[in-house]
Amino acid sequence: MEYLYFILFLIIGYLSGSINYAIIITRLVSGKDIRKIGNRNPGGANVGRTIGKLWGATVIILDLLKGFIPMFLARVLLFRGELLPLHFLALAATGIAAIAGHCVPVFYGFKGGRGVATSIGVYLFFVPVELFVSMLIGFAIVMLFIKNVRYRIGRWTPIIFVTITPFLTLASSLSIDIPLFAHLSIGGHGWSTIVSVFLISFSILFINFSFFIGTLKEAGGGPPVDT
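The numbering used here puts the last residue of the sequence shown at 227; the count rises by one with no breaks.
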């Protein structure tokens, strides 16, 4: 029976991710199609640039929650008590399903955004501290070393922090264990969490492979990428 519930939460995760708040909010606020304005990417950053920063922030928060909430519900309703290794993988799969839903949504012809905010919501569930540090590192690298590239913060920072987060989680877990409050800590994560974070990062890079490769080629002097 637990496996049936797991499949149900995979479906819930995917359907949650498939709801594109950028398209919905832009249509309600301006009557426009976000896929036809700005850089044509149906995500919070494009909404912020074309419709308004407040609406962009709203979309980003909603996109973040649609990755976090299905995992939280699965944890509370399905995997109560101490988590077993398979439970961690099931939660990671639920988060990955939400990211996949955002990138290839069933409601919009399987053409969606890049899933950055949704990915952040998924990482927050497992390793919020390591995610925050990885995002700071990614932002610093972009500001210091990546110049003259379109949308460099919005496009390059995700590539960097998605790559860094699992390795930072591994390194911190092997070297330190500093409890903060509640269940938050710096390091001290078990192998189930570490493996789950690696799977999440691999899935994000795989789903967005063509876009990320295009971004790398553009930085090397190739043609611009359709963002």
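Even for Gly, the Cβ is constructed at its ideal location relative to N, Cα and C.
Skipping 5 residues on each side, what residues in its chain have a beta carbon closer than 8 Å to that of residue i?
i: Ser-196; result: Phe-88, Leu-89, Leu-91, Ala-92 and Phe-126
i: Phe-72; result: Phe-125
Which one of the options has the shortest CA to CA distance from residue i?
i: Gly-115; options: Gly-44, Gly-190, Arg-27 and Gly-31; result: Gly-44
i: Asn-20; options: Ile-61, Pro-42, Gly-109 and Arg-80; result: Pro-42
i: Pro-128; options: Ile-194, Ser-203 and Trp-156; result: Ile-194
i: Gly-228; options: Lys-53, Leu-174, Leu-15 and Ile-207; result: Residue 228 lies beyond the residue range present for the chain, which begins at 1 and ends at 227; the question has no answer from this structure.
i: Phe-161; options: Ile-23, Ala-97, Phe-202 and Gly-113; result: Phe-202
i: Ile-25; options: Gly-52, Tyr-14, Asn-39 and Glu-2; result: Gly-52
i: Ala-22; options: Gly-138, Ala-57 and Leu-199; result: Ala-57
i: Val-133; options: Phe-110, Ile-164, Leu-199 and Leu-84; result: Ile-164
i: Ile-207; options: Asn-46, Ala-171, Lys-36 and Phe-110; result: Phe-110
i: Val-2; options: Leu-86, Lys-36 and Leu-144; result: First, the amino acid is wrong: residue 2 is Glu here, not Val. Nearest option by C-alpha distance: Leu-86.
Should residue i be labelled buried (16 or more other beta-carbon atoms within 10 Å of its own) or exposed?
i: Ile-178; result: exposed
i: Gly-31; result: exposed
i: Arg-155; result: buried
i: Glu-82; result: exposed
i: Pro-166; result: buried
i: Tyr-14; result: buried
i: Ser-16; result: buried
i: Ile-70; result: Strictly speaking, residue 70 in this sequence is Pro, with Ile absent from that position. By the 10 Å Cβ count, Pro-70 comes out buried.
Excluding sequence positions up to five away, which residues of its chain have a Cβ less than 6 Å from the Cβ of residue i?
i: Ser-18; result: Gly-101, Pro-105, Val-106 and Phe-107
In terms of residues, what are the limits of the alpha helix (DSSP H) holding residue i?
i: Pro-179; result: No alpha helix (DSSP H) contains Pro-179, which is instead part of the beta strand (DSSP E) from 177-179.
i: Ile-25; result: 21-30
i: Glu-130; result: 128-145
i: Pro-70; result: 53-77
i: Ala-100; result: 85-103
i: Asn-208; result: Per DSSP, Asn-208 belongs to no alpha helix (DSSP H) and is neither H nor E.
Can you tell me where the beta strand (DSSP E) holding residue i begins and where it ends?
i: Ile-186; result: 185-187
Using a Cβ-Cβ cut-off of 7 Å (strictly less than) and excluding sequence neighbours within five positions of residue i, which residues of its own chain qualify?
i: Gly-112; result: Asn-20, Pro-42, His-102, Cys-103, Val-104 and Pro-105
Flag residue i as yes if its beta-carbon sits less than 8 Å from any beta-carbon of chain C, otherwise no.
i: Phe-145; result: No chain C appears in the structure shown, which is made up of a single protein chain.
Quick check: the region 60-68 against the region 119-137, are at least 3 beta-carbon pairs closer than 8 Å?
Verdict: yes, contact present.
Under 8 Å: do the region 1-13 and the region 75-84 share three or more Cβ pairs, one atom per stretch?
The region 1-13 makes contact with the region 75-84, as at least three CB pairs between them are under 8 Å.
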